Amino acid sequence: MNNRNFLKVRSALISLYHKEPAKEIIQKLHEQGVKIYSTGGTLDYIKKLGMEATAVEDIIDFPSVFGGRVKTLHPKIFGGILYRRENETDLEELAKFAIPHIDLVMVDLYPFEETVKKDASHQDIIEKIDIGGISLIRAAAKNYQHTWIIPSSEFYVAAIELLNQQGAATTLEQRSEFAAAAFGVSSHYDTAIFSYLNPKPDSVFRKSYNRSKTLRYGENPHQKGYFFGNPDEVFTQLHGKEISYNNLLDIDGALNLISEFEEPTFAIIKHTNACGVASRENIADAWRAALASDPVSAFGGILIANRNIEKDSAYDINELFFEVILAPDFSPDALEILKQKKNRIILKINSFPKQQQLFRSAINGVLAQSANLADTPKESWQIVSSNQPDKVISEDLLFANKLVKHTKSNAIVLARNKQLLGSGTGQTSRVDALKQAIAKAKEFGHQLQGSVMASDAFFPFADSVEIAHKEGINAVIQPGGSVRDKDSIDFCNENNMIMVMTGVRHFKH
């Protein structure tokens, strides 16, 4: 260890919102003879632990004012953090103004994000904007050559490991790593405040995620992959191997799709598109109908249900090879059955992501848009055909339109009795998408007579409606908006077909 880069911690400034998690660190610093400075509730906590600590107010000879808004913002505090140990002028000024040296700063900021999530009042949220703490973090991180910064409770474990291994001392490399983390904390904190106060979300792009996970690889083995976020908020992994990049993409698609349904529904996802979906009175029947949609594509897919998985369903599901299954919960018997495959990923759904904004890298920047949260209930439909849909057909049209919303464009979905019969996904023409959907349905013996068709965008010509009619499809739901809508409407009227327009396009790229 290079002695020049080795810092012995002689004194520490500690300012914490959450105190209890720092107990072990405080005790170890005390055992190492480190002089502790603190203020307010943190000072009281340290003294209750039976340890000595000096009040910041005694150093600066100035009380905490404005209800605690100003406590540590003083040259004697920041001078002790920022002075350069090898600089003669700094050392002379340190002595001249009786500035105490501070080798370690440990901060836990006011919980701004947590307060926003609680739907607190605007004033309560503003009061949780930390000023002194964030300033202490930046100061100590800037002077990392001489000062060790522990910027949040997230880094307590790493700090305890260092204290156990080498006592109250750090190397320059270690301080540099903590400093980088500190600026990450301050950057994330400021981004959260900016996002809350910014009245113009389209003015700049700011996103920050504190948690990260290195994945085995990206979409392909030669690509690096990472996930930034906290998946534990969305699901709990009960069993199986490490979740991959592609798994996460499919899980996201599965959650978005299943959140559209209130009645018992089961879906099977492959490459973010649904290959099997069905709604039934119970989840066991929904599973069987979903698998029947396309049992070939279901192999190796992502399974998701919006009801608990019980023993009877688990027996059937266990016969299929699949990567991931998600459900609100699993009975103990069901879990035991599904755990028979050691790599099978079993996830309990904790919540559904409420993404308001979507973004992706493009060219040399970022494309951002509001999430597609458009709802098209029956009350909003425009029935443009003479023939009117009855209750059964209306429910099938609603079902199909929910599916096409989550299918890659160009997209066509065919359905009957709330079961996916076939879909055309990611095709370069709407006719090709329809032909693919028809071929899929026929491959697995689905009768198209009396089925319905959903399209993610308008029909530029009447050809798709004509093809659908020849196959026995008798109802169509689409956004409308083509200059040649009348051609499709006229064909429906001439052939007793039903056509519904929603006015909402669902392109998905």
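No gaps in the numbering here: position 201 of the sequence shown is 290 in our numbering, and each next residue is one more. Every residue gets a Cβ at the ideal spot worked out from N, C-alpha and C, and that includes glycine. Computed from a predicted model, the values in this text were never measured in an experiment.
Range covered by the beta strand (DSSP E) that runs through residue i
i: F599; result: With the chain represented from 90 up to 598, any question about residue 599 goes unanswered, as that position is not in the structure.
i: D219; result: No beta strand (DSSP E) contains D219, which DSSP labels as neither H nor E.
i: L510; result: Q508 to G513
i: Q458; result: G454 to S459
i: S544; result: V541 to S544
i: D208; result: Where D208 is concerned, there is no enclosing beta strand (DSSP E), given that its DSSP letter is neither H nor E.
i: Q567; result: A564 to Q567
i: A248; result: First-last for A248: Y245 to Q255, but that is the alpha helix (DSSP H), not the beta strand (DSSP E).
i: V481; result: Premise fails: V481 lies in the alpha helix (DSSP H), K480 to K494, not in any beta strand (DSSP E).
Beta-carbon proximity list for residue i, same chain, < 7 Å, skipping 5 on both sides
i: Q263; result: L251
i: A530; result: L503, L510, G511 and L537
i: V205; result: I214 and Y285
i: T161; result: S104, T128, V145, G221 and L225
i: P568; result: A546, F547, M590, T591, G592, V593 and R594
i: K313; result: Y306 and G307
i: A343; result: A356, I358, I391, I393 and L415
i: S475; result: N582
i: V481; result: none
i: N584; result: H558
i: K136; result: A142
Residue i versus the options, residue with shortest Cα-Cα distance
i: G156; options: V145, G129 and E177; result: G129
i: P417; options: S382, G454 and I372; result: I372
i: K185; options: A528, S577, T361 and G169; result: G169
i: A460; options: L447, N476, S382 and A343; result: L447
i: E351; options: R369, N335 and C364; result: R369
i: E120; options: M140, Y106, Y126 and E349; result: M140
i: S483; options: P466, A551 and P288; result: P466
i: R377; options: E349, I406 and V385; result: I406
i: F95; options: F533, I452 and D192; result: D192
i: T325; options: A228, Y172, I438 and S518; result: I438
i: K431; options: A457, S450 and E331; result: E331
i: R227; options: K217, I239 and E216; result: I239
i: V385; options: E532, M195 and N453; result: E532
Neighbourhood of residue i by C-beta distance below 6 Å, restricted to the same chain and skipping five residues each side
i: E399; result: S420 and A423
i: E109; result: none
i: V455; result: F294 and F448
i: K165; result: I148, I149 and I188
i: D219; result: L198 and Y199
i: I472; result: V589
i: N299; result: H277
i: R99; result: D192
i: R433; result: G329
Cβ-Cβ distance between residue i and residue j below 8 Å
i: F411; j: L436; result: no
i: I566; j: A489; result: yes
i: V123; j: A257; result: yes
i: A564; j: V593; result: no
i: F77; j: S292; result: Only positions 90 to 598 of the chain appear in the structure, and residue 77 is not among them; the question remains open.
i: S571; j: L523; result: no
i: N499; j: Q477; result: no
i: D339; j: G365; result: no
i: G390; j: K359; result: yes
i: A557; j: L492; result: no
i: A375; j: T354; result: yes
i: L387; j: L409; result: It should be pointed out that residue 387 corresponds to Ala in this sequence rather than to Leu. In contact: A387 and L409 (Cβ atoms closer than 8 Å).
i: L346; j: H495; result: yes
i: S242; j: H107; result: yes
i: G513; j: A526; result: yes
i: A142; j: Y126; result: yes
i: Y233; j: A268; result: yes
Spatial neighbours of residue i in its chain, beta-carbon cut-off 8 Å, leaving aside the 5 residues before and after
i: D341; result: T361 and P442
i: G561; result: Q536, L537, Q538, G539 and S540
i: K296; result: T280 and F448
i: E182; result: G168, Y172 and I188
Delimiting residues of the alpha helix (DSSP H) encompassing residue i
i: S553; result: D552 to K559
i: V274; result: L261 to L286
i: V145; result: V145 to I149
i: R449; result: Per DSSP, R449 belongs to no alpha helix (DSSP H); it is in the beta strand (DSSP E), Q446 to A451.
i: Q525; result: R519 to E532
Whole alpha helix (DSSP H) elements within the region 93-136, 4-residue minimum: 112-120
Inside the region 303-390 only - beta strand (DSSP E) runs reaching at least 3 residues: 315-317, 324-328, 354-359 and 362-368
Contained alpha helix (DSSP H) runs [length at least 4] in the region 155-193, N- to C-terminal order: 164-171 and 177-185
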